[in-house]
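Novice:
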Amino acid sequence: MKIDCYAAFGPKQQLKKHSYTQEELGLHDVLIAITHCGICHSDIHLIDDDWGMSVYPLVPGHEIVGTVIERGEKVQSLKKGERVGVGWQAGACFECEWCMKGDENLCDKDQPTCVRRPGGYATAIAIDSRFAFSIPPELSSENAAPLLCGGITVYSPLRQYDIKAPMKVGVVGIGGLGHLALQFAKGFGCEVTAFSHTPSKEKEAKELGAQHFVNISDSAELKKASRSMDTVISAVSSDLDWKAFMGVLRPKGKLIVVGASPNPINVTAGVLIGDQKMIAGSVIGNRWLIKEMLEFSARHNIQAKTEVMPMSDANTAIKKVRENKARYRIVLTNISQKGK
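So for the sequence shown, this note's numbering puts the first residue at 679; every next one is plus one.
1. So who's on the other strand from residue 695, going by DSSP bridges?
2. Taking all protein chains shown into account, decide if residue 753 is buried (16 or more other Cβ within 10 angstroms of its Cβ) or exposed.
3. For the alpha helix (DSSP H) that residue 884 lies in, which residues bound it at each end?
4. What separation, rounded to the nearest whole angstrom, lies between the Cα atoms of residue 1015 and residue 997?
5. Within its chain, find whatever has a CB closer than 7 Å to the CB of residue 816; leave out the 5 residues flanking it on each side and keep chain order.
6. Counting only the same chain and skipping the five closest in sequence on each side, list residues whose C-beta sits under 6 Å from that of residue 732.
7. Which residues bound the beta strand (DSSP E) around residue 1007?
8. Judging by CA-CA distance, which residue of 971, 965, 1002 and 999 is the nearest neighbour of residue 782?
9. Who does residue 869 pair with in a DSSP beta bridge?
10. Run the CB neighbour count on residue 794, radius 10 Å, all protein chains shown included, and call it buried at 16 or more, exposed below.
11. Which word fits residue 734, buried or exposed, when buried means at least 16 other C-beta atoms lie within 10 angstroms of its C-beta?
12. Is DSSP giving residue 956 helix, strand or coil here?
13. Measure the CB-CB distance between residue 933 and residue 927 and report whether it falls below 8 Å.
14. Shorter than 8 Å from the beta carbon of residue 835 to some beta carbon of chain D?
15. Below 8 Å on the Cβ atoms is my guess for residue 912 versus residue 850; work out the distance and round it to an integer in Å.
16. Looking only at its chain, what residues have a beta carbon closer than 6 Å to the beta carbon of residue 690, apart from the 5 residues adjacent to it on each side?
17. DSSP state of residue 808, grouped into three classes?
18. As a quick exercise: from 954, 741 and 914, pick the residue whose alpha carbon is nearest that of residue 940.
19. Give me the residue from 929, 694 and 826 with the minimum Cα distance to residue 952.
20. Just confirm the distance between the C-beta atoms of residue 622 and residue 983, as a whole number of angstroms; I'd bet it's less than 8 Å.
21. Note the first and the last residue of the continuous beta strand (DSSP E) segment covering residue 1087.
22. Do residue 805 and residue 863 have their beta-carbon atoms positioned less than 8 Å apart in this structure?
23. Restricting to Cα atoms, I'd like to know which of 761, 958, 705 and 684 is closest to residue 696.
24. What residue does the alpha helix (DSSP H) around residue 830 start on, and which one ends it?
25. What would DSSP say about residue 876, mapped onto helix, strand or coil?
26. How would you label residue 961, buried or exposed, when you count the other beta carbons within 10 angstroms and need 16 or more for buried?
27. Report the three-state DSSP secondary structure of residue 767 (helix, strand or coil).
28. Who pairs with residue 707 in a beta bridge, going by DSSP?
29. Whose CA, out of 868, 902 and 1011, lies closest to the CA of residue 887?
30. Leaving out five residues before and five after residue 986 in sequence, what residues of the same chain have Cβ atoms less than 6 Å from its Cβ?
Structure (structure tokens):
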């Protein structure tokens, strides 16, 4: 089967029309006709080969929603015609310690969806059905697509570190990840505070679930938040005043990093020891947690704020993301606006 797609043919290059031939499905595979695919900053890192792992031609895309059109012989969990989503992970060994524990996302042999294999800026994709997830009917495809990566990235630490009501949770950065983190933390019943460099985002942050707002450009305002948070989730890709945010934590508080800040996080050992504080990281989630996250999103009306653009405008959309002009996620679609 011929699959049409958009691919980069070298680092930092614009995408061009491309096609490839999909081989016969494996026993556990499904073929998905793609209707929507979100643009994640990780796609841009891959296009630019920032991580030194890109192979060209490279078809980006790992926030995929579409419909199952073919199934491998051993696929039982998904039916033809079912609407499903695919995120960052496309495969694992299912034999190592971490897979046996149900943490397939930590598998040494994990297979990313758009690394050394075609991703979702395409008309279709073949994927291991065990990494394709049924989308609840309450979620629209355009709002669900970013949940498959951005959503699980911020949902996972809330579950992994047992965050619950009535804990006080701070979210740093009201962007692609942060606007989802605010909604999830509210859904968990927490008292939520948004931390942002942009005072104009206060109104929207409160609409998304924050009860409080701290302008971190104002050092006096940040100091007032000292020892007030049980958990702070850093959802920014820039460097922060890490010492100040460790000071925002209450004793036994956790600073959880999900945004890929470029430089080392420098804090002294005493900062951690004195009040038994912790710095931790989190990356996506296992298969069960992704399923749970989608169901939680449907139940609590968690929605990514999106702008929908045609797949044919992928380069224009990527430029907008590069320039930080997306509010907050751009989703590409193969559905014409007339037929939507």
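Built from N, CA and C at the ideal position, the CB exists for glycine as well.
Specialist: According to the structure shown:
1. Bridge partners of residue 695: 684.
2. Residue 753 comes out buried.
3. It spans 880-886 - the alpha helix (DSSP H) in which residue 884 sits, taken as one unbroken run.
4. Caution applies to residue 1015, whose pLDDT of 48 falls short of 50 and renders its modelled position unreliable; the value that the coordinates give is listed next. Looking at the two C-alpha atoms, the distance is approximately 21 Å.
5. If we look at residue 816 and ignore the five residues flanking it on each side, its Cβ neighbours are 976.
6. Once the five neighbours on either side are set aside, the close Cβ partners of residue 732 are 724.
7. Looking at the DSSP string, the run of the beta strand (DSSP E) that includes residue 1007 is 1007-1011.
8. When the alpha-carbon of residue 782 is set against those of 971, 965, 1002 and 999, the nearest one is in 965.
9. Bridge pairing for residue 869: 846 [DSSP].
10. Taking all protein chains in view, the Cβ of residue 794 is surrounded by fewer than 16 other Cβ atoms within 10 Å, so the residue is classified as exposed.
11. Classification of residue 734: exposed, given that the 10 Å Cβ count is below 16.
12. Assigned with DSSP and collapsed to three states, residue 956 falls in strand.
13. Taking C-beta atoms as the reference points, residue 933 and residue 927 count as a pair closer than 8 Å.
14. Absent here is chain D; the protein component of the structure consists of one chain.
15. Right, the Cβ-Cβ distance comes to about 5 Å (below 8 Å), so this counts as a contact.
16. Answer for residue 690: 726, listed in chain order.
17. Of the three classes helix, strand and coil, the one that applies to residue 808 here is helix, per DSSP.
18. The option with the nearest alpha carbon to residue 940 is 914.
19. The residue from 929, 694 and 826 with its alpha-carbon nearest to that of residue 952 is 929.
20. The structure shown does not extend to residue 622, since the chain spans only 679 to 1018, so no value can be given for it.
21. There is no way to answer for residue 1087, as the model of the chain reaches only from 679 to 1018.
22. Remark: C-beta atoms of residue 863 and residue 805 do not approach each other more closely than 8 Å.
23. Comparing C-alpha distances from residue 696 to each of 761, 958, 705 and 684 shows the shortest one belongs to 684.
24. First-last of the alpha helix (DSSP H) with residue 830: 828-838.
25. Under the three-state reduction of DSSP output, residue 876 falls in the coil class, being neither helix nor strand.
26. With a threshold of 16 other beta carbon atoms within 10 Å, residue 961 falls short and is exposed.
27. Residue state, collapsed to three classes: strand.
28. DSSP lists 806 as partners of residue 707.
29. It is 868.
30. Contacts found: 820, 1009 and 1011.
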